[in-house]
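Engineer: Just passing along the structure, written as structure tokens.
There are 2 protein chains.
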Amino acid sequence: MLISYEELKTKLENILRRLEFSEQKAELCSKIFADNSRDGVHSHGVNRFPVFIEYAKQGIINIHGEPKMIEREGVIEHWEGNLGPGIYNATLAMKRAIKLGKENNIGCVTLRNTNHWMRGGTYGWQAAEEGCIGICATNTIANMPAWGSKEPRLGNNPLIIAIPRKKGHIVLDMAMSQFSYGKLQEYELAGKDLPVPGGYDEFDVLTNVPGKIRQSQRTLPIGYWKGSGLSLMIDLLVAGLSGGKTVAEITNSGKEFGLSQIFICIDAKNVSKSIIENIILFTKGKDISVRYPGEQVLASRTKSLKEGITINDKIWEEVERL
Amino acid sequence: MLISYEELKTKLENILRRLEFSEQKAELCSKIFADNSRDGVHSHGVNRFPVFIEYAKQGIINIHGEPKMIEREGVIEHWEGNLGPGIYNATLAMKRAIKLGKENNIGCVTLRNTNHWMRGGTYGWQAAEEGCIGICATNTIANMPAWGSKEPRLGNNPLIIAIPRKKGHIVLDMAMSQFSYGKLQEYELAGKDLPVPGGYDEFDVLTNVPGKIRQSQRTLPIGYWKGSGLSLMIDLLVAGLSGGKTVAEITNSGKEFGLSQIFICIDAKNVSKSIIENIILFTKGKDISVRYPGEQVLASRTKSLKEGITINDKIWEEVERL
Chain P
196 MLISYEELKT
206 KLENILRRLE
216 FSEQKAELCS
226 KIFADNSRDG
236 VHSHGVNRFP
246 VFIEYAKQGI
256 INIHGEPKMI
266 EREGVIEHWE
276 GNLGPGIYNA
286 TLAMKRAIKL
296 GKENNIGCVT
306 LRNTNHWMRG
316 GTYGWQAAEE
326 GCIGICATNT
336 IANMPAWGSK
346 EPRLGNNPLI
356 IAIPRKKGHI
366 VLDMAMSQFS
376 YGKLQEYELA
386 GKDLPVPGGY
396 DEFDVLTNVP
406 GKIRQSQRTL
416 PIGYWKGSGL
426 SLMIDLLVAG
436 LSGGKTVAEI
446 TNSGKEFGLS
456 QIFICIDAKN
466 VSKSIIENII
476 LFTKGKDISV
486 RYPGEQVLAS
496 RTKSLKEGIT
506 INDKIWEEVE
516 RL
Chain S
196 MLISYEELKT
206 KLENILRRLE
216 FSEQKAELCS
226 KIFADNSRDG
236 VHSHGVNRFP
246 VFIEYAKQGI
256 INIHGEPKMI
266 EREGVIEHWE
276 GNLGPGIYNA
286 TLAMKRAIKL
296 GKENNIGCVT
306 LRNTNHWMRG
316 GTYGWQAAEE
326 GCIGICATNT
336 IANMPAWGSK
346 EPRLGNNPLI
356 IAIPRKKGHI
366 VLDMAMSQFS
376 YGKLQEYELA
386 GKDLPVPGGY
396 DEFDVLTNVP
406 GKIRQSQRTL
416 PIGYWKGSGL
426 SLMIDLLVAG
436 LSGGKTVAEI
446 TNSGKEFGLS
456 QIFICIDAKN
466 VSKSIIENII
476 LFTKGKDISV
486 RYPGEQVLAS
496 RTKSLKEGIT
506 INDKIWEEVE
516 RL
């Protein structure tokens, strides 16, 4: 079905207000869920909203939790997330990193005991909108085996890098597995196979069938040993610097909550616009199928705002019942 | 053949001194070439030395070039490499980033008009030895097609992340192609196929044969579109922030020189050692085949120092003729 951005946002906001989310939190969270669906990132838009509500009802997400600065070291601030909504905490953390970045050219906020931030790209776009380079990362529950193992002991630990650009920000938003679980669900809901192998089935064979991977929990790291290594480094960085929970601790708790994140912001005011433009032009060459990270997002956004946002019927029924 | 670390280093140092490298530069460059071979990174150790000498003789590397600070913005310093030896420039840049990192908790040095730094991991180990988290990246000549294209228009732009650790630093050193050209050469010299497909042959078919990929110049980005995107972001970051040459400009010049790099250092003095240890323990689990990045390097180092460094006979003949 198709739904307008405004209708979608209002619908989600009302549900959140009924659950006693504060006005500010309900406004921000509903906006970001609606933005994510509008931008074509369905896996972390409305598709994920019912789980978000379930976590809030169970108290895994503390709807009254407010992030608090604990300590400052040079251009780094360490924040405690108090298990508040991940979207809300992450937005405030990146806002603070932007401020520190504008003051010192680089700013960094670490955030511990927070919750799932949905689409990591959100905070990259946020920094880019303020004329800053944004780099952020999070850990997750273990959902990917390390290279050389069959047991999921790594998170897919998304990494986001955003560069501001007048003609459309360049925003890379990537999980360390070839496909995030959200993406696997998206393919499964659409009844489609993956375009390249995304993990192993129960017989140790690489497969393109999303359902088989969701069952085996054996997603494939990007670049085999390389993505496995990068995922490990991200957990070391986010948990090590924030002093928060590791993938191990999150996994042992049995539920994905209390995550560790980092937000780095670099002021881009002196970055040459022509250098950025030349890189994009050269990389694309004459191949119209070459796209820069974030290009598809802008195309989806334009289409959604014109024609309405496509929402999966089953998901919408679930939302209607909330 | 096997050669001792001291003999190797002295041999290389003498060659550099004959070429009028300063005492300081000859000492540092020969040390790092020998270190790289000692650590098992043959592709960027002695295997690469003849090319390095050739570039110095041709004046592509300015053996008298000295890096110079151009501008400071907050905790970022911008350096001009004056086309000096890449190893020398990068070591000085990371040294400065470490100093800035210790003063402000994060420090950053950008470096433009520099040359190939050989093994990027060198500068990660350098930061880790000083108790710091080191992050660095470089661009390269275009040697990898962007996802959706057949023409090489991206560099494989290595990214390094290092975390200090008493029992052995954790150092990720990865190019954005599944195999670097150095690694492809290493497999070819050993007469071995790649363990997983590393690129396309001239008939558009994924192949494990290193020679076919070196010929087609169509290496595979890690994780297909993901590594392609990450490579692009690294070029944007290093060229954008340093104001130096882009992959496009390096490629158009026809030779790999005048590169752009970035060195970021975060003081790790307050990072909990037990968090780092717990992450490593959990990730490894009981699978002895799971290794953290850098683990193999330490094993190679120990073996080389005990038994001597393995050098390819053909390469050694080339070195003997220099």
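In order, the protein sequence lines correspond to chains P and S. So for the first sequence, the working numbering puts the first residue at 196; every next one is plus one. So for the second sequence, the working numbering puts the first residue at 196; every next one is plus one. Cβ atoms here follow ideal geometry from the backbone N, Cα and C, with glycine treated the same way. Quantities reported herein were computed from a predicted structural model and do not represent experimental measurements.
Within the chosen definition, does the stretch 432–444 of chain P reach the stretch 311–322 of chain P through at least 3 CB pairs nearer than 8 Å?
Structural biologist: At 8 Å Cβ cutoff, the stretches do not touch.
Engineer: Along the chain, where does the beta strand (DSSP E) containing P/N308 start, and where does it finish?
Structural biologist: Element bounds for P/N308: 301–309.
Engineer: Tell me which same chain residues have a C-beta within less than 8 Å of the C-beta of S/N403, skipping the five on either side of it?
Structural biologist: Cβ within range, chain order: D388, L389, P390, V391, P392, G393.
Engineer: Which residues in the same chain have their Cβ closer than 8 Å to the Cβ of S/L214, if we skip the five residues on either side of it in sequence?
Structural biologist: Within the same chain, S/L214 has close Cβ partners I248, A251, K252, I258.
Engineer: Hey, quick one: how far does the alpha helix (DSSP H) through S/I336 stretch, first residue to last?
Structural biologist: Segment: none, S/I336 is in no alpha helix (DSSP H) and carries neither H nor E.
Engineer: Along the alpha helix (DSSP H) that carries P/I271, what are the first and last residues, could you check?
Structural biologist: Run containing P/I271: none in the alpha helix (DSSP H); it sits in the beta strand (DSSP E), 271–275.
Engineer: Less than 8 Å between CB atoms is the rule here; does P/A322 satisfy it with respect to chain S?
Structural biologist: No, P/A322 lies away from the interface with chain S (no Cβ there is under 8 Å from its Cβ).
Engineer: Does the beta-carbon of S/M264 have 16 or more other beta-carbons within 10 angstroms, so that it is buried, or is it exposed?
Structural biologist: Flag for S/M264 reads exposed.
Engineer: Taking three-plus beta-carbon pairs below 8 Å as touching, is the stretch 269–281 of chain P in contact with the stretch 236–245 of chain P?
Structural biologist: No, the stretch 269–281 of chain P is not in contact with the stretch 236–245 of chain P.
Engineer: What beta strand (DSSP E) runs, 3 residues minimum, are completely inside the stretch 465–512 of chain S?
Structural biologist: Those beta strand (DSSP E) runs which fall completely within the stretch 465–512 of chain S and span 3+ residues do not exist here.
Engineer: Which of helix, strand or coil does DSSP assign to S/G329?
Structural biologist: S/G329 falls in the strand class under three-state DSSP.
Engineer: Between the Cα of S/P280 and the Cα atoms of S/K294, S/E261, S/L295, which residue gives the shortest distance?
Structural biologist: The shortest Cα separation from S/P280 among S/K294, S/E261, S/L295 belongs to S/E261.
Engineer: Rounding to the nearest angstrom, what Cα-Cα distance links S/F477 and P/A443 in this structure?
Structural biologist: Looking at the two C-alpha atoms, the distance is approximately 6 Å.
Engineer: Label S/S344 either buried or exposed according to how many other C-beta atoms from any shown protein chain fall within 10 Å of its C-beta, with 16 as the threshold for buried.
Structural biologist: Classification for S/S344: buried.
Engineer: Expressed to the nearest angstrom, what Euclidean distance is found between the alpha-carbon atoms of P/K362 and P/C331?
Structural biologist: Looking at the two C-alpha atoms, the distance is approximately 22 Å.
Engineer: Am I right that S/K450 and S/I328 are in contact with their C-beta atoms under 8 Å? What's the rounded C-beta distance?
Structural biologist: Not a contact, Cβ separation roughly 33 Å.
Engineer: So S/D368 packs on S/R291, CB below 8 Å; how close in whole Å?
Structural biologist: No, S/D368 and S/R291 are not in contact; Cβ-Cβ is about 21 Å, not under 8 Å.
Engineer: The alpha helix (DSSP H) spanning S/D430 covers which residue range?
Structural biologist: S/D430 -> alpha helix (DSSP H) spans 420–437.
Engineer: Going by DSSP, what residues sit across from S/C460 in a beta bridge?
Structural biologist: Note: S/C460 sits in a beta bridge opposite S/G302, S/G329.
Engineer: What three-state label does DSSP hand P/A385 in the structure shown?
Structural biologist: Note: P/A385 maps to coil in three-state DSSP.
Engineer: Counting contacts by CB-CB distance shorter than 8 Å, is P/F477 in contact with chain S?
Structural biologist: Yes, P/F477 counts as interfacial toward chain S.
Engineer: Quick one, which residues of the stretch 335–349 of chain S are near chain P if we go by CB-CB under 9 Å, in chain order?
Structural biologist: Going along the stretch 335–349 of chain S in chain order, one finds A337, P340, A341, W342, G343, S344, K345, E346, R348, L349 with a Cβ nearer than 9 Å to chain P.
Engineer: By a C-beta neighbour count over all protein chains shown, 10 Å radius and 16 as the cutoff for buried, is P/N300 buried or exposed?
Structural biologist: Counting Cβ neighbours within 10 Å, P/N300 comes out buried, since at least 16 surround it.
Engineer: Measuring only the C-alpha atoms, how far is P/I475 from P/Y487?
Structural biologist: Those two C-alpha atoms are separated by around 7 Å.
Engineer: For a contact defined as C-beta to C-beta under 9 Å, what are the partners of S/N352 on chain P?
Structural biologist: Chain P residues near S/N352: none, gap ~11 Å exceeds 9 Å.
Engineer: Considering only the alpha carbon of each residue, which of S/N310, S/A341, S/E208, S/G350 lies closest to S/T286?
Structural biologist: Nearest C-alpha to S/T286: S/N310.
Engineer: How should S/A385 be labelled, buried or exposed, when 16 other C-beta atoms within 10 angstroms of its C-beta is the threshold for buried?
Structural biologist: S/A385 should be labelled exposed.
Engineer: Which one of S/K378, S/G296, S/S232 has the shortest CA to CA distance from S/S495?
Structural biologist: The candidate whose alpha carbon is nearest that of S/S495 is S/S232.
Engineer: Who are P/T356's beta bridge partners in DSSP?
Structural biologist: According to the sequence shown, residue 356 of chain P is Ile rather than Thr. Note: P/I356 sits in a beta bridge opposite P/I330, P/L367.
Engineer: When you compare only the Cα positions, how much space is there between S/H364 and S/Q410?
Structural biologist: One C-alpha to the other measures close to 36 Å.
Engineer: For a quick check, are the C-beta atoms of P/K440 and P/L454 less than 8 Å apart?
Structural biologist: The answer is yes: Cβ separation under 8 Å.
Engineer: Checking contacts by CB at 8 Å: is P/A292 closer than that to chain S?
Structural biologist: With 8 Å as the cut-off, P/A292 does not count as an interface residue toward chain S.
Engineer: Quick one: is S/R516 buried, meaning 16 or more other Cβ sit within 10 Å of its Cβ, or exposed?
Structural biologist: Under this definition S/R516 is an exposed residue.
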